[in-house]
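Heads up: the sequence shown at position 11 corresponds to 14 in our numbering, and the numbers run straight through without jumps.
So the structure is just underneath, and the comments pick up after that.
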Amino acid sequence: KELCERFTRGQCTLGKVCSFAHGEEELNTVGLAICGKVKTQVCRNWQAGRCVYGALCNNAHGEQEIGTRRPPPELAPPMKRRREEDEER
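As structure tokens, this is what we get:
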């Protein structure tokens, strides 16, 4: 693992699920890569009171959801699912 730049600035909210090292003792160790499988940021639309995706949102609805699993891709919001299907073609 390499050192997490967000952690050094006191801004990493992922804790144990972060794929980067949080301190000298974790440098050059191997960690579990979970990129794309967990919620890594708070939903801006939720913060503004206008997220229409609810539990199916790929972003966290509050700090307590940071690091929790995202919904399965087949349950992704329609616009995101359509974009991913277009990218596959």
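For each residue, glycine too, the CB sits at the ideal point set by N, CA and C.
In this text, all values refer to a predicted model and were calculated from it rather than measured experimentally.
Item: Going by beta-carbon coordinates alone, are R1 and N62 separated by less than 9 Å?; Value: No information on residue 1 is available, as it lies outside the stretch 4 to 92 that the chain covers here.
Item: Per DSSP, what are the beta-bridge partners of V45 in this structure?; Value: A63
Item: Looking at the strands, I want to know which residues DSSP matches up with R72.; Value: V41
Item: In whole angstroms, give me the CA-to-CA distance for E66 and Q50.; Value: 11 Å
Item: Taking the alpha carbon of G13 as the point to measure from, which residue in S22, G26, K4 has its own alpha carbon closest?; Value: G26
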